[in-house]
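In what follows, a single structure is set out as structure tokens and then discussed.
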Amino acid sequence: MKPMKVGLLGIGTVGSGTYEVLNRNQEEIERRAGRHIHIAMVADLDTTRAKSLVSSDCVVVSDAKEVIAHPDIDIVVELIGGYGIAFELVMAAIESGKHVVTANKALLAMHGTEIFEAAHRKGVMVAFEASVAGGIPIIKALREGLTANRIEWIAGIINGTTNFILSQMREKNWSFQQALEAAQALGYAEADPTFDIEGIDAAHKASIMAAIAFGIQIPFQKAYVEGITQLQSQDIRFAEQLGYRIKLLGIAKQTQAGIELRIHPCLVPSKSIIANVEGAMNAVMVQADAVGTTLYYGKGAGGEPTASAIIADLVDITRLHSADPLNRVPFLAYQPQSMRDLAILPVDQIVTAYYLRLGVADQAGVLASVTGLLAEFSISIDAMLQQPSHAKEERTELIILTHQCLESSMNAALKKIQALPTVIEPIVRIRKEELI
Ligand code: HSE
0 MKPMKVGLLG IGTVGSGTYE VLNRNQEEIE RRAGRHIHIA MVADLDTTRA KSLVSSDCVV
60 VSDAKEVIAH PDIDIVVELI GGYGIAFELV MAAIESGKHV VTANKALLAM HGTEIFEAAH
120 RKGVMVAFEA SVAGGIPIIK ALREGLTANR IEWIAGIING TTNFILSQMR EKNWSFQQAL
180 EAAQALGYAE ADPTFDIEGI DAAHKASIMA AIAFGIQIPF QKAYVEGITQ LQSQDIRFAE
240 QLGYRIKLLG IAKQTQAGIE LRIHPCLVPS KSIIANVEGA MNAVMVQADA VGTTLYYGKG
300 AGGEPTASAI IADLVDITRL HSADPLNRVP FLAYQPQSMR DLAILPVDQI VTAYYLRLGV
360 ADQAGVLASV TGLLAEFSIS IDAMLQQPSH AKEERTELII LTHQCLESSM NAALKKIQAL
420 PTVIEPIVRI RKEELI
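Number 435 marks the last residue of the sequence shown (numbering that gives the first Met the number 0); no jumps.
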């Protein structure tokens with residue numbers, strides 16, 4: 000059978016990883032795919048570098064449109080990133096009848112609906128395993144492996160840069176800034192790390208998982224997103240004393256009231272497996288009704304881990320491209336006509352537990368007034384910690400863990416607590432999940 004011909008748009012770290020792994024494991028991959036998969040064209044602005052990475056049977060061009068227009072190319076792999084030119088090229092590839100593989104979570108979060116509609120119309124496949132958690136086959140697991148289940152929630156450490164920063168803050172007692180600089184020095188964080196540290200990258204990925212888990216369009220615009228820039232190392236220490244670690248989690252949860260989709264720093268029990276996912280590693284926990292809890296762990300970025308996911312998509316497309324489009328796995332797990340329009344809850348309607356740190360005057364009755372106001376809003380306390388104040392200090396720190404409550408109740412309680420004259424500093428509030 001003639002080889003499946005692939006064109007890469009971009010040959011940076013992931014592109015060259017894909018080229019390398021495909022060549023190295025060619026025989027195994029062909030035995031699985033049933034057909035040879037050949038990267039026949041590469042488009043990259045730096046053609047000299049690109050030519051140095053590929054062999055003579057691969058044509059290197061500077062214009063991505065040449066790859067898209069070439070009649071021999073069956074699959075276009077978009078590795079440009081962003082949602083400007085990458086969107087135009089993906090739509091052009093679909094219009095030319097090419098299948099598309101992409102690792103571009105930002106593109107799918109912003110334009111997934113248009114891309115999938117266009118692909119559906121043209122009868123081509125768009126595969127995106129590498130877009131969430133790099134090498135971890137989480138899209139495959141959610142879309143196919145767990146297809147018998149009603150998925151209840153997903154909680155993921157899906158940004159390696161922020162997980163590395165949080166690990167360094169905890170292990171070395173560093174400030175956020177110190178840990179960020181270390182992440183940049185090691186090449187984890189970009190020179191402009193905004194998307195990582197502000198939680199936007201994790202929001203892209205959590206939104207894609209939410210769509211597949213619940214059969215909804217990718218709800219990125221409605222996600223609640225809070226990054227880690229405001230996190231202080233003292234809260235990491237206090238959390239640890241109470242038996243918790245702080246992770247940036249992407250959470251998608253199906254509740255009676257609607258879908259919670261939130262990305263924020265979160266206390267998780269130190270003994271839980273997910274709390275022990277350290278450094279730049281990723282992990283995704285999925286709670287589903289039949290199977291219970293499953294956990295997926297691995298490298299969320301890097302050339303070869305991401306190539307692993309991209310090549311898995313190339314193999315899927317190679318196996319399925321001659322199948323009737325109606326018999327292929329739907330892009331977002333559910334048949335297009337069976338997608339739902341479920342409400343994404345505003346953040347004040349979520350239900351979660353909290354860690355609170357209050358800088359208060361060290362006076363009689365302060366604790367009673369704080370706990371009294373929590374009780375007024377039916378917020379139950381789970382644990383408390385008060386640091387002994389030094390002899391001459393007139394302030395002390397109260398750390399309170401609460402049970403679950405509606406976020407709007409917590410907001411109302413905190414407004415009143417903050418207004419107490421004895422609460423002398425802005426209250427720190429971090430959400431907490433037991434993940435059971
Ligand atoms: N910036 C991402 C991370 C890379 O740190 O996880 C993979 O999407």
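Glycine included, every Cβ here is placed at the ideal spot set by N, Cα and C.
Along the chain, where does the beta strand (DSSP E) containing M3 start, and where does it finish? In the sequence shown, counting from the first residue as 1, residue 3 sits at position 4. Run containing M3: 3 to 8, per the beta strand (DSSP E) assignment.
Is any heavy atom of the ligand HSE found at a distance shorter than 7 Å from the C-beta of Y296? In the sequence shown, the residue the question calls residue 296 occupies position 297. Answer for Y296: no, Cβ out of range of the ligand HSE.
Leaving out the 5 sequence neighbours to the left and right, which residues in its chain are closer than 7 Å to S232 when beta-carbon positions are compared? Within the sequence shown, the letter at position 233 stands for residue 232. Exclusion of the five residues before and after S232 leaves M168, N172, W173, S174 as the residues of its chain whose Cβ lies within less than 7 Å of its Cβ.
Cross-strand partners of T395 (DSSP beta bridge): Working through the sequence shown from its first residue, we reach residue 395 at position 396. Looking at the DSSP assignment, T395 forms a beta bridge with V359.
Beta-ladder partner(s) of Q450, from DSSP: In this structure the chain extends from 0 to 435, so residue 450 is not present and cannot be described.
L384 versus L179 - alpha carbon distance: For the purposes of this step, residue 384 is taken as residue 385 along the sequence shown, with counting starting at 1. For the purposes of this step, residue 179 is taken as residue 180 along the sequence shown, with counting starting at 1. L384 and L179: Cα-Cα distance of roughly 29 Å.
For the alpha helix (DSSP H) containing D315, list its first residue and its last residue. Along the sequence shown, one-based indexing puts residue 315 at 316. 302 to 319 is the extent of the alpha helix (DSSP H) around D315.
Cutoff 8 Å; reference A274; Cβ partners in own chain excluding five residues on either side: As a working note, residue 274 is residue 275 in the sequence shown. Y243, R244, K246, V267, P268, listed in sequence order.
CA nearest to the CA of Q336, picked from H119, M109, I67, E87: Residue numbering aside, residue 336 sits at position 337 when the sequence shown is read from its first letter. For Q336, the nearest C-alpha among the options comes from H119.
Run through the stretch 155 to 184 for me and flag every whole beta strand (DSSP E) of 3 or more residues, listed as ranges in chain order. none
Do A205 and A222 have their C-beta atoms within less than 8 Å of each other? Along the sequence shown, one-based indexing puts residue 205 at 206. Along the sequence shown, one-based indexing puts residue 222 at 223. Yes; because the gap between Cβ atoms is below 8 Å, this pair is in contact.
Quick test of your reading: A436 and I309, contact by CB under 8 Å. State the CB separation rounded to the nearest angstrom. The chain is shown only over 0 to 435; residue 436 falls outside these bounds and no answer can be derived.
Contact belief for K270 with N281 at Cβ below 8 Å, rounded distance in angstroms: Here residue 270 refers to the residue found at position 271 when the sequence shown is read from its first residue. Here residue 281 refers to the residue found at position 282 when the sequence shown is read from its first residue. That belief does not hold up - the Cβ atoms of K270 and N281 are roughly 20 Å apart, past 8 Å.
Name the DSSP beta bridge partners of V283, please? Reading the sequence shown from its first residue, position 284 is the one you call residue 283. Beta-bridge pairing links V283 to G155, Y295.
Please name the residue, chosen from L52, G83, V99, S54, that lies closest to V75 on a Cα-to-Cα basis. For the purposes of this step, residue 75 is taken as the residue at position 76 of the sequence shown. Selected option, being the one with the closest Cα: V99.
Go ahead and pull the three-state DSSP assignment for H402. Against the sequence shown, residue 402 aligns to sequence position 403. Three-state result, H402: coil.
Is L413 near R394, with beta carbons less than 8 Å apart? Your numbering for residue 413 matches position 414 in the sequence shown. Your numbering for residue 394 matches position 395 in the sequence shown. No. Outside cutoff.
Nearest candidate by alpha-carbon position, reference I164, set T421, T351, A188: Here residue 164 is taken as the residue at index 165 of the sequence shown, counted from 1. It is A188.
Using 8 Å for Cβ pairs, my map puts E396 next to R430. What's the rounded Cβ distance? Taking the first residue of the sequence shown as 1, we reach residue 396 at position 397. Taking the first residue of the sequence shown as 1, we reach residue 430 at position 431. With 8 Å as the limit, E396 and R430 do not qualify as a contact, their Cβ atoms being about 19 Å apart.
With burial defined as no fewer than 16 other Cβ atoms inside 10 Å of the residue's Cβ, what is the status of A322: buried or exposed? The residue given as residue 322 occupies position 323 in the sequence shown. Answer is exposed; the Cβ neighbour count stays below 16.
Suppose the cutoff is 7 Å on Cβ atoms and the five residues either side in sequence are ignored; what does the same chain contact list for P324 look like? One-based indexing of the sequence shown puts residue 324 at position 325. Counting only Cβ-Cβ distances below 7 Å, and skipping sequence neighbours, we find G122.
First and last residue of the uninterrupted alpha helix (DSSP H) at A108: Translated into positions along the sequence shown, residue 108 becomes position 109. Element bounds for A108: 104 to 121.
Could you tell me whether the Cβ atoms of V89 and A39 are closer together than 8 Å? As a working note, residue 89 is residue 90 in the sequence shown. As a working note, residue 39 is residue 40 in the sequence shown. For V89 and A39, no; Cβs fall outside 8 Å.
Are there any heavy atoms of the ligand HSE lying less than 7 Å away from the beta-carbon of D195, as far as the coordinates show? Against the sequence shown, residue 195 aligns to sequence position 196. True, at least one ligand heavy atom lies under 7 Å from that Cβ.
If you count every other CB in all the chains shown that lies within 10 Å of the CB of M0, and 16 or more means buried, which is it? What you label residue 0 is simply residue 1 of the sequence shown in a count that begins at 1. It counts as exposed.
Take V41 as the anchor and find which of E29, Y353, A63 has the nearest alpha-carbon. By 1-based counting over the sequence shown, the position of residue 41 is 42. Comparing Cα-Cα distances from V41 to each of E29, Y353, A63, the minimum goes to A63.
Could you give the distance in angstroms between the alpha-carbon of N326 and the alpha-carbon of M124? Stepping through the sequence shown from its first residue, residue 326 is reached at position 327. Stepping through the sequence shown from its first residue, residue 124 is reached at position 125. So the two alpha carbons sit approximately 12 Å from each other.
In three-state terms, what does DSSP make of K139? In the sequence shown, residue 139 corresponds to position 140, counting from 1. Three-state result, K139: helix.
Cβ neighbour criterion (16 or more within 10 Å) applied to Q253: In the sequence shown, residue 253 corresponds to position 254, counting from 1. Looking at its Cβ environment, which holds 16 or more other Cβ atoms inside 10 Å, Q253 is buried.
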